[in-house]
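*Asks:*
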Ligand code: HH2
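Residue numbers (the working numbering): 42 to 326.
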């Protein structure tokens, strides 16, 4: 598949029932972030005690989260994350996952490791969120296919290169991921694409990805955007991660206008309010 050849839209944007239900609504689904890590960039160490994690998940669900995205390894878009073994990641996940699943809202597993994804899918998680778009762990696509699970394919790069055409890079990356998915037997209706805001990108490139998000609708697949508290916000107006709610909401509303179907956010109540009010106003225009 060539990065420059527009793909025909699939017609039905998604065949997986979970995704179909979200896409049928006039506002995007909201994925609440639950990091059970000591070192996540904005909330590391705050929710790794199981009772804290469960309390946060409950709060996000009460605030309208459609999905809880649980991650047990910081992927730190800006480097500096401590890579952890699958054993360590699983030891963080196991005390919390069953209780989060029991809350009754779909759970996605934010992991680049097939072993962790496999454990999570066998224990009630329904979606895989892979920040390396099926391209890092060779067994990931097979695990996803075997479970018939939806998968978030996120764009990523090992190195930042301010000189490249980031949109072309992303189109090529997605084409490669879609080939991997097709070869493993993952139905295209189970795939969600994500520009990977902050991952292997300059602030300018992250903002370009948001501004030109509609260019990724050519794949005919749902789009997820996670701009929450990311550093590009501080490139416009200096701020600490916890003080980036305004910038996060602005970015997520722009992304929604340009085709985002799922928004990944730390501040669920504020995000749900923003996307639903925006949709209610849009409906009158
Ligand atoms: N961003 C982060 C982690 N996972 N997954 C997807 N699909 N899209 C994203 O933009 C994304 C992601 C980084 O945010 P956070 O989880 O808060 O930080 P950390 O990776 O440091 O735990």
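In this text, a Cβ means the ideal position worked out from N, Cα and C, and glycines have one as well.
(1) Please state whether the Cβ-Cβ distance between residue 263 and residue 250 is less than 7 Å.
(2) Go to residue 93, then tell me how far its alpha helix (DSSP H) extends in each direction, as first and last residue.
(3) State the Cα-Cα distance for the pair residue 83 and residue 253, rounded to the nearest angstrom.
(4) Is it the case that the CB of residue 77 approaches a heavy atom of the ligand HH2 more closely than 6 Å?
(5) Tell me, please, whether the segment 84–102 touches the segment 59–66 by the rule of three or more beta-carbon pairs shorter than 8 Å.
(6) The beta strand (DSSP E) spanning residue 195 covers which residue range?
(7) Residue 150 and residue 169: beta carbons closer than 7 Å?
(8) Bridge partners of residue 149, per DSSP?
(9) If I follow the unbroken beta strand (DSSP E) through residue 75, where does it start and stop?
(10) With distances taken Cα to Cα, identify the nearest neighbour of residue 190 among 222, 274 and 325.
(11) If we call anything under 7 Å between Cβ atoms a contact, is residue 154 one with residue 171?
(12) For the ligand HH2, any of its heavy atoms closer than 6 Å to the Cβ of residue 99?
(13) Under 7 Å Cβ to Cβ from residue 317, same chain only, skipping five residues before and after it: list those, please.
(14) At which residues does the alpha helix (DSSP H) containing residue 217 begin and terminate?
(15) CB of residue 115 to nearest heavy atom of the ligand HH2: below 6 Å?
(16) Mark residue 161 as exposed unless 16 or more other C-beta atoms lie within 10 angstroms of its C-beta, in which case mark it buried.
(17) What is the rounded straight-line gap between the Cα of residue 275 and the Cα of residue 283?
(18) Skipping 5 residues on each side, what residues in its chain have a beta carbon closer than 6 Å to that of residue 198?
(19) Tell me the DSSP bridge mates of residue 303?
(20) Less than 7 Å between the beta carbons of residue 73 and residue 109, yes or no?
(21) Leaving out five residues before and five after residue 329 in sequence, what residues of the same chain have Cβ atoms less than 7 Å from its Cβ?
(22) Could you name the residues that DSSP lists as bridge partners for residue 235?
*Replies:* According to the data block:
(1) no
(2) 91–103
(3) Within the model, the alpha-carbon separation for residue 83 versus residue 253 is close to 26 Å.
(4) no
(5) no
(6) 192–195
(7) Yes, the pair counts as a contact, with Cβ atoms nearer than the cut-off.
(8) DSSP, once it has assigned bridges, lists 110 and 168 as partnering residue 149.
(9) 70–76
(10) 222
(11) No.
(12) no
(13) 68
(14) 207–225
(15) yes
(16) buried
(17) 11 Å
(18) The answer, listed in chain order, is 241.
(19) Residue pairing by DSSP places residue 303 opposite 70 and 265 in a beta bridge.
(20) yes
(21) Outside the shown range of the chain (42 to 326) lies residue 329, about which nothing can therefore be said.
(22) 195
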